[in-house]
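Written below as structure tokens is the structure these notes are about.
There are 2 protein chains.
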Amino acid sequence: MAVSKTIPIAKIHVPERLRAVEEDHALAISASIVEHGLLNPVTVRATPAAKGGAYTLVAGAHRLRAMELLDEMEIDAVVVDADQQESVLLEITENLFRNELSVIDRAVFVQTYRDVWESKYGKISSGRPENRCNLHQLIEGEAKAGFSRHVASRMGISTDVVKRLNLIAQRLHSDLRAAVRGTPVADNQAALLKLAKMEPQEQRRAAIALRAEGGDLKKALGHVKAVRPSEKPEAKRDGMLKALLEIWSKADDATRKAFLAEIGREDAA
Amino acid sequence: MAVSKTIPIAKIHVPERLRAVEEDHALAISASIVEHGLLNPVTVRATPAAKGGAYTLVAGAHRLRAMELLDEMEIDAVVVDADQQESVLLEITENLFRNELSVIDRAVFVQTYRDVWESKYGKISSGRPENRCNLHQLIEGEAKAGFSRHVASRMGISTDVVKRLNLIAQRLHSDLRAAVRGTPVADNQAALLKLAKMEPQEQRRAAIALRAEGGDLKKALGHVKAVRPSEKPEAKRDGMLKALLEIWSKADDATRKAFLAEIGREDAA
DNA sequence: TATTTCCCGGGAAATA
DNA sequence: TATTTCCCGGGAAATA
């Protein structure tokens, strides 16, 4: 892939499409950066004429924001020439084919592919495809299809595999991604899926526990589960109370009476 | 398609695969048959050596049972030679291509196609495909794919269209199918989908209302909706009571106390 | 507004 | 047991 170099953060323009950054997520990444440094460089495009600066962000909005929060002035970035986007996509494809990659590495590759693709062709979303999209497909000489099938056919994998890698790439917390690196879990798809589906808060705890247990996932999850019940009982209680009141408000007199009788409160009128 | 002729019900063997008949559904069909006759013949295969009789049922278990319930001795059936199954599939395909069909007719065609296909290749289900299935696909010269994609490519429609037609064919109550015939609703996909997703009980009421309103769906659904709240309040009350007790049983003392306080029952200890 | 084609999430069952 | 490839259901957004 193109060369990674250090560039001033002030010179990076963040396009509208990438503006929506979750501050919590960025904060979590800052913590990870303090501890382990920036593991993956962000991806930018050289755009000397852009309003915000000489570069435009392609991938890594959260990492960029995290570095800003740490008052860093510079960041490692892969600089991709606008005309080279297509060849970057090709490189990713080839890497995916060639190497013996772990599941998590493949997920990151697909994610980067997705980011570069979106920066070139627009945001990937559901819905009936526009003509623009079809046009692109025709130029490429592929059958008419959305991003999912495009990536699948290009990478030589099924759309289901893309679906899973996407899920891992998009929902696995960066803390966990870092914590998992080098352990067997990095190549354990089922485990990664399970982790990715947990709440972000739980994922952060799982990451800490995983490090403490030296990569033993079972032990680590044991701690997280054990912690959970006592961790946020208020939220749970609130939920129960709310549910009770919600149903109560909709119930008729007969139902209310029956309920009170069942719980031994049938006395008052 | 092959010729339809009248055959003795006693001579039809019902294979294990089709044995599971919902008696309610069959009863509903008998009512429809009394009123309108048997609208679609069942499909059978000529199997002189079979244990149950000279024919084996391919499609129409509910219709067959309905005729049995009416003490009929014979039934109209399309007799398909075992060797002709493939050509029947082809015929359905061609019909689907050629004619100006309503949505509901297309759904019925896809359903029949599915039935014949299942009788030849085995039940369609989820899961990683077996070798047998792949073998079949290779013989056909098609790319390896499940039933859904097979049907889609053969019919010249997308898998999403197959999905919707399947939904309509499998979940639209036969009463409604009959009631809709000849009205604009028969070619209104959105309406059919909406109807198909309703509870069977409601579908039956909708069918009655639709006839009463001369095919005016909006008016008919107005009646059904209006009837519903007073129709089964007991079931709803039961559900609410159950939900209340369920949550109550899991709640701790503090939550229970808070709840009782909210509803003005904080008195007793 | 009705239809279509995407994406996403989940579950089942055979394979490795 | 882990992975893969089906089917199914649902929602979004452009098209007709």
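Note that the protein sequences, when read in sequence, are chains A and B. Per UniProt numbering, residue 1 is the first one in the first sequence, and the count goes up by one each step. Per UniProt numbering, residue 1 is the first one in the second sequence, and the count goes up by one each step. Ideal placement from N, C-alpha and C gives every residue a C-beta, glycine not left out.
Check                                                                                                                             : Outcome
Contact check, B:Y55 vs B:V44, beta carbons under 7 Å                                                                             : yes
Alpha carbon of residue 287 of chain B to alpha carbon of B:T112, nearest angstrom                                                : Any answer about residue 287 of chain B is impossible in this case: the structure gives chain B only from 1 up to 269.
Cβ neighbours of A:D252 in the same chain (closer than 8 Å, five flanking residues each side left out)                            : none
Contacts around A:A107, its chain only, beta-carbon distance under 6 Å, and the 5 residues preceding and following it disregarded : L165, I168 and A169
Short Cβ contact (7 Å threshold) for B:A46 with B:V79                                                                             : yes
A:M240 at chain B interface by Cβ criterion, 7 Å                                                                                  : yes
DSSP bridge partner residues for B:R204 (one or two, in chain order)                                                              : Its beta-bridge partners do not exist; DSSP assigns none.
Minimum Cβ-Cβ distance from A:I157 to chain B less than 7 Å                                                                       : no
Beta carbon of A:G215 nearer than 7 Å to that of A:T183                                                                           : yes
Where residue 344 of chain B falls: helix, strand or coil (DSSP)                                                                  : Nothing about residue 344 of chain B can be reported from this structure: the residues present for chain B run from 1 to 269 only.
Closer than 7 Å to chain B by CB, A:R149                                                                                          : no
Spatial distance of B:N134 from B:E246 (CA atoms)                                                                                 : With a pLDDT of only 39 at B:N134, under 50, the local geometry of the prediction cannot be trusted, and no value is derived from it.
Near the ligand COA: A:E16 beta-carbon under 6 Å from a heavy atom                                                                : Although the ligand COA was asked about, the structure shown includes no ligands whatsoever.
Other residues of its chain near A:G60: CB distance less than 7 Å, five sequence neighbours each side excluded                    : V42 and T43
Neighbour-count burial assignment, residue 273 of chain A, 16 or more Cβ in a 10 Å radius                                         : Here chain A covers residues 1 to 269 and nothing more, so residue 273 of chain A does not appear.
Residues sharing a beta bridge with B:T43, DSSP                                                                                   : B:A59 and B:V78
Alpha-carbon spacing of A:G141 relative to A:A209, whole angstroms                                                                : Confidence is the limiting factor: at A:G141 the pLDDT is only 44, short of 50, which leaves the residue's position unreliable, though a coordinate-based value still follows. Cα-Cα distance, rounded: 49 Å.
C-beta atoms of B:V224 and B:R205 nearer than 7 Å                                                                                 : yes
7 Å Cβ cutoff, A:F109 in contact with chain B                                                                                     : no
Cutoff 7 Å: A:E72 Cβ touching any chain B Cβ                                                                                      : no
Residue from A:D175, A:V116, A:L101 and A:I104 whose Cα sits closest to the Cα of A:L90                                           : A:V116
Beta-carbon gap between B:L192 and B:V103 smaller than 7 Å                                                                        : yes
Selection from B:L241, B:D160, B:S153 and B:A220 that minimises the alpha carbon distance to B:A179                               : B:A220
Contacting positions in the segment 20-43 of chain B - beta carbon closer than 8 Å to chain A                                     : none
Exposed unless 16 or more other CB atoms sit within 10 angstroms - verdict on A:V34                                               : exposed
Exposed unless 16 or more other CB atoms sit within 10 angstroms - verdict on A:R177                                              : buried
Contacts around A:E16, its chain only, beta-carbon distance under 6 Å, and the 5 residues preceding and following it disregarded  : none
Which listed residue (A:H173, A:E213 and A:A207) has its alpha carbon closest to that of A:A196                                   : A:H173
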